[in-house]
Amino acid sequence: DAKTTQPPSMDCAEGRAANLPCNHSTISGNEYVYWYRQIHSQGPQYIIHGLKNNETNEMASLIITEDRKSSTLILPHATLRDTAVYYCIVRGGLDRGSTLGRLYFGRGTQLTVWP
Amino acid sequence: NAGVTQTPKFRILKIGQSMTLQCAQDMNHNYMYWYRQDPGMGLKLIYYSVGAGITDKGEVPNGYNVSRSTTEDFPLRLELAAPSQTSVYFCASSRDSGYEQYFGPGTRLTVT
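For the record, the sequence lines run as chains A and B. Residues 1 to 115 (the numbering used here) make up the first sequence, in order. Residues 116 to 227 (the numbering used here) make up the second sequence, in order.
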């Protein structure tokens with residue numbers, strides 16, 4: 001599976017957009033980009049995922065560059081409850097011999113939203 | 116719908132003791148996973164299961180065993196606890212390998 005690179009920490013003012021970057025320059029054609037977050041001491045929570053098109057759901061938007069080597073998770077109106085560690089994960093495809101959807105977690109980005 | 120539940124929440128073990136961490140899900144998911152998370156680090160996969168009766172090793176399986184006799188339950192067994200197994204353990208499940216994983220609240224284990 002492709003490795004990802006994220007900044008160790010970021011902060012954001014409450015009510016502003018939080019833009020979390022992720023580099024995945026070795027991503028292959030059938031690998032998806034997933035985002036999870038982990039609020040202190042809790043289990044990780046799924047946010048969003050995508051293959052090559054931009055995606056949006058009720059929690060966030062995911063922007064993937066055309067070459068797929070990087071992506072940005074956007075929280076449009078950050079709140080104090082969005083303070084968490086955000087993990088960008090590239091998940092293997094479902095081809096024969098794949099890793100059966102395993103998620104490889106790095107250290108993520110600690111996002112702090114301040115009032 | 117409780118999702119993924121884990122028991123106990125906390126546990127302290129002495130070196131050499133054994134215990135079973137319980138995990139259950141009520142979403143009828145085929146896939147279940149056990150991860151451990153050391154302080155300041157990401158999660159590492161210990162074992163996973165693709166259905167009842169089928170399990171396989173992840174990145175860090177040494178010192179652990181699992182079984183999957185039913186779709187709902189996926190217990191993790193520590194036979195001879197060691198200080199290196201002090202960690203937070205998370206169980207997760209997903210409908211299939213291509214779907215998002217749902218995580219339990221975790222079990223904080225200390226081995227002294």
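Here a beta-carbon is modelled for each residue, glycine too, at the ideal position from N, C-alpha and C.
Taking 7 Å as the threshold (C-beta atoms), are residue j and residue i in contact?
i	j	result
residue 70(A)	residue 23(A)	yes
residue 38(A)	residue 85(A)	yes
residue 191(B)	residue 179(B)	yes
residue 184(B)	residue 119(B)	no
residue 63(A)	residue 52(A)	no
residue 147(B)	residue 193(B)	no
residue 225(B)	residue 127(B)	yes
residue 90(A)	residue 5(A)	no
residue 113(A)	residue 67(A)	no
residue 36(A)	residue 87(A)	yes
residue 205(B)	residue 150(B)	yes
So, at 8 Å on beta carbons, what are the nonlocal neighbours of residue i in its own chain, with the 5 sequence-adjacent residues on each side left out?
i	result
residue 171(B)	162, 163, 164, 165
residue 95(A)	Unreliable positioning characterises residue 95(A) in this predicted model, as indicated by a pLDDT of 46, which lies under 50. A coordinate reading is not provided.
residue 59(A)	47, 48, 75
Short of 6 Å in beta carbon distance, which residues of its chain neighbour residue i, apart from the five on each side in sequence? Order them along the chain.
i	result
residue 7(A)	109
residue 241(B)	Beyond the ends of chain B as shown, which are 116 and 227, falls residue 241(B); an answer cannot be given.
residue 21(A)	72
residue 115(A)	14
residue 125(B)	223
residue 127(A)	Outside the shown range of chain A (1 to 115) lies residue 127(A), about which nothing can therefore be said.
According to the neighbour-count rule (16 or more other Cβ atoms, all chains shown, within 10 Å of its Cβ), is residue i buried or exposed?
i	result
residue 216(B)	buried
residue 121(B)	buried
residue 222(B)	buried
residue 152(B)	buried
residue 80(A)	exposed
residue 15(A)	exposed
residue 117(B)	exposed
residue 155(B)	exposed
residue 169(B)	exposed
residue 9(A)	exposed
Find the residues of chain A that neighbour residue i, judging by a C-beta separation of less than 8 Å, and give them in chain order.
i	result
residue 190(B)	Here the premise fails: no neighbours, minimum Cβ distance about 17 Å.
residue 221(B)	41, 42, 43
Can you name the residues of chain B whose CB is closer than 9 Å to the CB of residue i?
i	result
residue 50(A)	Going along chain B, no residue has its Cβ under 9 Å from residue 50(A), so there is no contact; the nearest lies around 12 Å.
residue 144(A)	Nothing in the structure corresponds to residue 144(A), since chain A is present only between 1 and 115.
Which chain A residues are close to residue i, counting only those with a beta carbon under 7 Å from its beta carbon?
i	result
residue 216(B)	46, 103
Residues of chain A with CB under 9 Å from residue i, in chain order?
i	result
residue 205(B)	43, 44
Can you list the residues of chain B that residue i reaches, using a CB-CB cut of under 7 Å?
i	result
residue 106(A)	157
Might you give, ordered along the chain, the residues of its own chain that have their beta carbon closer than 7 Å to the beta carbon of residue i, omitting 5 neighbours on each side?
i	result
residue 123(B)	222
residue 12(A)	18, 78, 111, 113
Exercise. Counting pairs of beta carbons, one from the region 174–193 of chain B and one from the region 143–160 of chain B, are three or more of them closer than 8 Å?
Worked result: yes
Problem set entry | Contact between the region 38–50 of chain A and the region 127–139 of chain B (3+ Cβ pairs under 8 Å) | no
Problem set entry | the region 195–202 of chain B contacting the region 211–220 of chain B, beta-carbon criterion three pairs below 8 Å | no
Exercise. Hey, is the region 67–83 of chain A in contact with the region 142–151 of chain B, meaning 3+ C-beta pairs nearer than 8 Å?
Worked result: no
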